[in-house]
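I have placed the structure first, in the form of structure tokens, so that the comments after it can refer back to it.
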Amino acid sequence: MIKTSQLLKSEREKQGISLEDVAITTRINLKILVAIESADLSSLPARPFLRGFVRAYAKFLKMDEKEILKSFESDFKIEPEIATTDTSAPHENIKKEVVQKTDPLPVPKSVDAKDLQTKNMGMRILFGSAVIILSILIIFVVQTARKYERESEINVEPESVEELKHDENDSSEVVTDTTLPANSSDSTEPTATAVADATTTTVTSTSVTTTTTTQKTETTVTTFTTTTIRITSTTLPAVSQAIDVVIEALDRVSIDYRADNGGLVSKTLKPEEVLNIRAQTSLNIDFSDGGVVNVIYNGKDLGVPGSLGQSHKLRLPR
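Heads up, the sequence shown is in the numbering used here, so the first residue is 51 and it goes up one at a time.
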């Protein structure tokens, strides 16, 4: 670990960057950075997590990650144990056969930042698909509401221009016919208009027509009425976005959370275990150690929320 620590420290000092800047950018605890540069193995976390921290540190300094990880692995290289055998030939033959027939135990693969990044990418794709589906559903609901609004509108068909012109011509026509009676003996009598015989009035929903008929005069009057229609539209309420949180445990940690002011739920996560929590309006989470978890909120990677070895409270939405 001494060689890797010297490479990282010398490159940081060469670029003139402080440990505080590295801690803020990489979200690695300042105590861990100090322990990495001083090769203090007693203050460092387990090897899988330490490998991820070293890789993130090297990436921040724009160093060759492969060379740094190669140096890291060489610092922690463990020589295989040489099996001891008895001097007796039968026991030696039996042990050789057992060694040949027995498969070696599988060595657990270390979890580094690349594996976590791959998992995060998969979760982001999953949540992105969920957001797209939710957006399509919202658009479908809005389009359906607009369709019902259009169907509720009352369409009034205007009368044709020809009918209006025809009615205007009829209303403007006034026929007057005045004649003298045929059997009149006195030529000096004044001629008077006759009394109207009948009066007819017709009323419809769109027009009122009054017709007066006499023996000598005919008059037609047409009156149009206007109908006013009021249409009110309703506005759909805004759709609130749900809360979806994914918690990845980097080490053993206890979690207490309360969703939508419901009951308190307690969970204990093992290393590399993932917990998915969903809520509608609010979510309160308490971590026993805020430095050993990685939080993804609605598809956005928030990283490590707290400090290693210290409890942390997370309130969503922010």
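Quick reminder that beta carbons are idealized off the backbone N, C-alpha and C, glycines included.
* **Segments of 4+ residues assigned as alpha helix (DSSP H) that fall wholly inside the segment 82-123** => 97-110
* Opposite V343 in the DSSP bridges: which residues? -> Residue 343 sits at position 293 when you count from the first residue of the sequence shown. According to DSSP, which records beta bridges pairwise, V343 is partnered with A299.
* Name, in chain order, the residues that DSSP records as bridge partners for T318. => On the sequence shown, residue 318 is found 268 positions in, with the first residue counted as 1. The partner list for T318 (beta bridge, DSSP) reads S304.
* Asked: Between G66, D306, K127, which lies nearest to S361 when the distance is taken from Cα to Cα?
  -> Position 311 of the sequence shown, counted from the first residue, corresponds to residue 361. Of all alpha-carbon atoms in G66, D306, K127, the one lying nearest the alpha-carbon of S361 is that of D306.
* **Alpha-carbon spacing of T76 relative to F190, whole angstroms** => Sequence index remark: in the sequence shown, residue 76 carries index 26 (1-based). Sequence index remark: in the sequence shown, residue 190 carries index 140 (1-based). Computed Cα separation, rounded: 42 Å.
* According to DSSP, what are the bridge partners of V324? -> The sequence position of residue 324 within the sequence shown is 274, counting from 1. DSSP output for V324 lists E298 as bridge partner(s).
* Cα separation between E371 and I82? -> Only positions 51 to 368 of the chain appear in this structure, which leaves residue 371 out of reach.
* **Three-state secondary structure assigned by DSSP to L333** => The count along the sequence shown starts at 1 and reaches residue 333 at position 283. Shown here, L333 sits in a strand according to DSSP, grouped into three states.
* Helix, strand or coil at A309 [DSSP, three-state] -> Along the sequence shown, read from residue 1 onward, the residue named residue 309 stands at position 259. Three-state result, A309: strand.
* Asked: Is it true that the CB of V342 sits closer than 8 Å to the CB of L314?
  -> Mapped onto the sequence shown, residue 314 falls at position 264. Mapped onto the sequence shown, residue 342 falls at position 292. In this structure, V342 does not lie closer than 8 Å to L314 by Cβ.
* **CA-to-CA distance, Q193 to V72, given in whole angstroms** => Reading the sequence shown from its first residue, position 22 is the one you call residue 72. Reading the sequence shown from its first residue, position 143 is the one you call residue 193. If you take the alpha carbons of V72 and Q193, they lie about 50 Å apart.
* To do: Excluding the 5 residues preceding and the 5 following Q65 in the sequence, name in chain order all residues of the same chain whose CB lies nearer than 7 Å to its CB.
  => Here residue 65 refers to the residue found at position 15 when the sequence shown is read from its first residue. If we look at Q65 and ignore the five residues flanking it on each side, its Cβ neighbours are L111.
* **Under the three-state DSSP convention, the category K363 falls into** => Translated into positions along the sequence shown, residue 363 becomes position 313. DSSP places K363 in strand when its eight states are reduced to three.
* **Beta-carbon proximity of L184 to S121, cut-off 8 Å** => Here residue 184 corresponds to residue number 134 of the sequence shown, with the count starting at 1. Here residue 121 corresponds to residue number 71 of the sequence shown, with the count starting at 1. Not a contact, by the Cβ cut-off of 8 Å.
* Should Q65 be listed as close to the ligand SAH, given that the test is whether its C-beta is under 7 Å from any heavy atom? -> As far as ligands go, the structure on display features none, and thus does not contain the ligand SAH.
* Asked: Exposed or buried, which one is S255 when buried takes at least 16 other CB atoms within 10 Å?
  -> Taking the sequence shown and counting its residues from 1, one reaches residue 255 at position 205. Bear in mind that a pLDDT of 40 at S255, under 50, signals an unreliable position, so the model cannot answer this.
* To do: Would you mind working out which of E199, N344, K317 sits nearest V295, comparing C-alpha positions?
  => For the purposes of this step, residue 295 is identified with residue 245 of the sequence shown, where counting begins at 1. When only C-alpha atoms are compared, the closest one is N344.
* Answer with buried or exposed for T54, where buried requires no fewer than 16 other C-beta atoms within 10 angstroms of its C-beta. => Translated into the one-based positions of the sequence shown, residue 54 becomes position 4. Its Cβ being crowded by 16 or more others within 10 Å, T54 is buried.
* Asked: Tell me the DSSP bridge mates of K350?
  -> Here residue 350 refers to the residue found at position 300 when the sequence shown is read from its first residue. In the DSSP output, where bridge partners are listed per residue, K350 has Y347.
* Asked: If you follow the alpha helix (DSSP H) that K53 is part of, which residue opens it and which one closes it?
  -> As a first step, residue 53 must be located in the sequence shown, where it is residue number 3. It spans 52-65 - the alpha helix (DSSP H) in which K53 sits, taken as one unbroken run.
* To do: May I have the straight-line CA-CA distance separating P158 from K197, to the nearest angstrom?
  => Your numbering for residue 158 matches position 108 in the sequence shown. Your numbering for residue 197 matches position 147 in the sequence shown. In this predicted model, P158 has a pLDDT of only 44, less than 50, meaning its place in the structure is not dependable; the value taken from the coordinates is given anyway. In a straight line, the C-alpha of P158 is about 59 Å away from that of K197.
* CB-CB under 7 Å to Y347, same chain, minus the five flanking residues each way: which ones, in chain order? -> In the sequence shown, the residue the question calls residue 347 occupies position 297. If we look at Y347 and ignore the five residues flanking it on each side, its Cβ neighbours are V295, L366.
* To do: Can you tell me which of L119, L94, P95 puts its alpha carbon nearest to the alpha carbon of K106?
  => The residue labelled residue 106 in the question sits at position 56 within the sequence shown. Correcting the residue type first, residue 106 is Ala in the shown sequence and not Lys. With distances taken between Cα atoms, A106 lies closest to L119.
* If we cut at 8 Å on Cβ distances, does L166 have a partner in chain B? -> Annotation note: the requested chain B is absent from the structure, which comprises a single protein chain.
* Nearest-angstrom Cα separation, counted from S93 out to V303 -> Your numbering for residue 303 matches position 253 in the sequence shown. Your numbering for residue 93 matches position 43 in the sequence shown. Answer to the nearest angstrom: the Cα atoms are 18 Å apart.
* Asked: Taking all protein chains shown into account, do 16 or more other C-beta atoms lie within 10 angstroms of the C-beta of D339, making it buried, or fewer, making it exposed?
  -> If you number the sequence shown from 1, residue 339 lands on position 289. With 16 or more other Cβ atoms within 10 Å, it is buried.
* **Whole-angstrom distance between M171 and F99, CA atom to CA atom** => Counting from 1 along the sequence shown, the entry for residue 99 is found at position 49. Counting from 1 along the sequence shown, the entry for residue 171 is found at position 121. Cα to Cα, the separation comes out at about 19 Å.
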